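Heads up, the sequence shown is in the numbering used here, so the first residue is 19 and it goes up one at a time.
All residues carry an ideal CB built from backbone N, CA and C; glycine is no exception.
Remember, it's a predicted structure, so these values are computed and weren't measured experimentally.
Below is one structure, written out as structure tokens; the observations come after it.
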Amino acid sequence: MGKSRTNPFTVALVQETPVFMNLPATVARVEALIAESAREGARVVVFPETWLPGYPVWIDSAPGAALWDDAGAKALYRLLARNSLRLGSESLARLQAAADSAGMVVVIGAHERHGATIYNTTFTFDGEGSYKIHRKLTPTYTERLLWGAGDGSTLETTETPVGTVGGLICWEHWMPLARAAMHAKHELLHVAQWPWVRELHQICSRQYAFEGQCFVAASGCVMTRGQMLDGFRTLGPGEAAALELLESIPGDNDTPMLQGGSCLIGPAGDLLTEPQYGDDATVYAEVDPAAAEEGRMYMDTDGHYSRPDVFSLRVDTRPRLNVATAPDGTKDDGE
19 MGKSRTNPFT
29 VALVQETPVF
39 MNLPATVARV
49 EALIAESARE
59 GARVVVFPET
69 WLPGYPVWID
79 SAPGAALWDD
89 AGAKALYRLL
99 ARNSLRLGSE
109 SLARLQAAAD
119 SAGMVVVIGA
129 HERHGATIYN
139 TTFTFDGEGS
149 YKIHRKLTPT
159 YTERLLWGAG
169 DGSTLETTET
179 PVGTVGGLIC
189 WEHWMPLARA
199 AMHAKHELLH
209 VAQWPWVREL
219 HQICSRQYAF
229 EGQCFVAASG
239 CVMTRGQMLD
249 GFRTLGPGEA
259 AALELLESIP
269 GDNDTPMLQG
279 GSCLIGPAGD
289 LLTEPQYGDD
299 ATVYAEVDPA
309 AAEEGRMYMD
319 TDGHYSRPDV
329 FSLRVDTRPR
339 LNVATAPDGT
349 KDDGE
């Protein structure tokens, strides 16, 4: 269990609304929410999938989102790229500083721009000066309009003061081999990030908790159509085509786009908190490592409840690069 931390601790699951599409304003929200969670005694704070600066709801809800050469879709992509987190950026430094100042583990989903491509990425800050990233391996359905695919180099866990923390993003939880790879890392706390935690997502998260004998923080966001539009308008005037595409999403200002559902799940697959739907708030819950230790008496899918003589899994953790320079003519590590 990593650093073998054994003391119970509190997790804060934030399902409040980001300032949609506005990265600087949403980073400021993160700083405030980290400080608030620290005051409430939390040691870990969790944010949903691509909370920085908001899940791209238009790809599933706007009628023209996937039309070729659509002015609104192109404008939204451009704005999203400009408001995506970058490694080495000031925004990332602010997040790191907020986590370190509070001494908290912070797990947050973000649009990450690397090169000219946007990735769906989880950032895990250990509260002690460092962080790791995980890029979603396979964008799902309409998400492929926006995001590139990650590789095995970011399929890992983070050692933190409270124990081993890992996570997967949305439909990665239906990739059996990805689950097996993560279970082999013996997570204490697994973060399951979703746009919002629908019933099927909750079932999947509960199954993961039992299969991995770990706690699962199932994290979802709350956002109405009006909150989406209000957030977008903070970017200022001059983006008529992008706004028109967002306004084409059916409904009124109170129409829910994302409905939360965040909850903490125990190693027995039991709900330690009831899912909170439609509540723009933060959910607090306690993790007791003893429950995960005891549960492994009867279930350890990487140990006594496995059959390595029958099944095996090879995980390629090399970064997969399109262009790699090898001046001496030898093969590089990506080949």
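- Query: Around the Cβ of Ser330, are there at least 16 other Cβ atoms within 10 angstroms (buried) or fewer (exposed)?
  - Reply: Per the 10 Å Cβ criterion, exposed.
- Range of the contiguous alpha helix (DSSP H) that encloses Tyr73: Segment: none, Tyr73 is in no alpha helix (DSSP H) and carries neither H nor E.
- Message: I'd like the span of the alpha helix (DSSP H) that includes Arg100, first residue to last.
- Response: Note, Arg100: alpha helix (DSSP H), 89 to 100.
- Item | Residue from Arg47, Ser107, Trp214 with nearest C-alpha to Glu67 | Comparing Cα positions, the closest option is Trp214.
- Query: Rounded C-beta distance between Met122 and Ile52? I'm assuming under 8 angstroms.
  - Reply: With a Cβ gap of about 6 angstroms, Met122 and Ile52 count as contacting.
- Query: Is Tyr302 helix, strand or coil by DSSP?
  - Reply: It is a strand residue.
- Determine the direct distance from the alpha carbon of Ala50 to that of Ala111, and round the result to whole angstroms. So the alpha carbons of these two residues sit roughly 15 angstroms apart.
- Query: Thr44 lies in the alpha helix (DSSP H); which residues open and close that run?
  - Reply: For Thr44, the uninterrupted alpha helix (DSSP H) run begins and ends at 41 to 57, by DSSP.
- Task: Given a cut-off of 8 angstroms, decide if Lys154 and Glu205 are closer than it, judged by their beta-carbon atoms.
- Result: Cβ distance not < 8 angstroms, so Glu205 and Lys154 don't count as in contact.
- Message: Nearest by alpha-carbon distance to Ala30: which of Met315, Val64, Arg251 is it?
- Response: When only C-alpha atoms are compared, the closest one is Val64.
- Message: On the CB-based measure, 16 or more other CB atoms within 10 Å of its CB, does Ser22 come out buried or exposed?
- Response: Summary for Ser22: the model assigns pLDDT 49, below 50, so the residue's position carries little reliability; its value from the coordinates is reported in the next sentence. Answer is exposed; the Cβ neighbour count stays below 16.
- Message: Just to confirm before moving on: does the CB-CB distance between Leu103 and Leu41 stay below 8 angstroms?
- Response: Their beta carbons are under 8 angstroms apart, which means Leu103 touches Leu41 by this criterion.
- CB-CB length for Met275 against Ser79, believed under 8 angstroms: Indeed, because the Cβ distance is near 7 angstroms, the residues count as touching under 8 angstroms.
- Beta carbon of Leu282, beta carbon of Ala235: below 8 angstroms? Taking 8 angstroms as the cut-off, the beta carbon of Leu282 is found closer than this to the beta carbon of Ala235.
- Message: For the pair the region 216 to 224 and the region 174 to 185, tell me if three or more CB-CB distances fall below 8 angstroms.
- Response: No, the region 216 to 224 is not in contact with the region 174 to 185.
- Item | Boundaries (first-last residue) of the alpha helix (DSSP H) holding His219 | Taken as a continuous stretch (DSSP letters only), the alpha helix (DSSP H) holding His219 covers 217 to 230.
- Query: Under a three-way DSSP split, which group does Tyr323 fall into?
  - Reply: Tyr323: coil per DSSP, three-state reduction.
- Query: For the ligand SAH, is there a heavy atom less than 7 angstroms away from the beta-carbon of Leu276?
  - Reply: You won't find the ligand SAH in this model; it holds no ligand whatsoever.
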